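Under the numbering used here, the first residue of the sequence shown is numbered 3, with each subsequent residue one higher. Take a look at the structure set out below.
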Amino acid sequence: MNQEQHEKACQEKFGRPWAEVHIFLDQYYELTRSMTHRVVLHHRKGIEIVVEAFGEEARGPAEQHIMLDLGFVPDSPDEMERFFCPLSPEEEDLILQKLEKLYG
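Written out as structure tokens, the structure reads:
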């Protein structure tokens, strides 16, 4: 889904668009310009980061965002591997850098 679709879905369900949550979850798209950006934050650990950044009220919009993109909410970045084709060395380096920064 695109930003506008996510915002509309949140407006309908949560009473506001929660644009900041959608921007946050998709912030790494520019790294790969592919769906592999979802490995970084589109899972339960990513939702906890959203909650830390925007408060408990952002949990529902974050979960909905991921559900609409993937059809379920993975537990961790490791669970995401089965969704993607092998990454180029450059993509892998960028994703690993972001994961290391966020999760240590």
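By construction, the Cβ of each residue, glycine as well, lies at the ideal position given by its N, Cα and C atoms. As the structure is a prediction and not an experimental result, all values here were calculated from the model.
Next item on the list: Could you give the DSSP three-state label for Q29: helix, strand or coil?
Entry: coil
Check: So is D80 buried or exposed if we call it buried at 16+ other beta carbons inside 10 Å?
Finding: exposed
Margin query: Taking the alpha helix (DSSP H) that M69 belongs to, which residues open and close that run?
Written below: For M69, the uninterrupted alpha helix (DSSP H) run begins and ends at 61-72, by DSSP.
Item checked: Under the three-state DSSP convention, the category P79 falls into -> P79 falls in the helix class under three-state DSSP.
Check: Does the beta-carbon distance from V23 to V53 come in below 7 Å?
Finding: no
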